[in-house]
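Engineer:
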Amino acid sequence: MASDNPEISALGYEQARDELVGIVRALESGQAPLEDTLALWERGEALAAHCRSILDSAQQRLVRVQSSETGPRED
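With UniProt numbering applied, the sequence shown closes on residue 75, and no number is skipped along the way.
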């Protein structure tokens with residue numbers, strides 16, 4: 001459950017990351033009013049969770065592919 005927001009869930013990794021970078025820049029500028037800052041923070045958290053979820057899924061997929069190519073490991 002990376003995001004309960006369907007709009008964020010529909011974003012690809014690159015789109016979500018780019019928006020997150022923009023939010024970080026806006027927050028770092030310190031120019032937004034408090035209410036806007038809180039809204040940006042919340043959206044940034046949701047975007048970060050979405051990106052983590054996509055990366056976790058990609059990592060699991062790579063592990064499955066590597067396991068199927070090499071067979072079980074013998075340690």
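Backbone N, C-alpha and C fix where the C-beta goes; we use that ideal spot for every residue, glycine too.
A quick note: this is a predicted structure, and the numbers were derived from the prediction, not measured.
Could you round the C-beta distance between Leu40 and Ile23 to whole angstroms and report it? I think they count as a contact, below 8 Å.
Structural biologist: The Cβ separation is near 5 Å, so the contact holds.
Engineer: Alpha carbon to alpha carbon, what distance is there between Ser57 and Ser67?
Structural biologist: Rounded to whole angstroms, Ser67 to Ser57 spans 15 Å at the Cα level.
Engineer: Within its chain, find whatever has a CB closer than 7 Å to the CB of Cys51; leave out the 5 residues flanking it on each side and keep chain order.
Structural biologist: Tyr13, Ala16, Arg17 and Leu20, listed in sequence order.
Engineer: Rounded to whole angstroms, what's the CA-CA distance from Pro33 to Asp4? Just pull it up for me.
Structural biologist: In a straight line, the C-alpha of Pro33 is about 26 Å away from that of Asp4.
Engineer: State the Cα-Cα distance for the pair Glu28 and Glu69, rounded to the nearest angstrom.
Structural biologist: Going by the C-alpha atoms only, they are around 45 Å apart.
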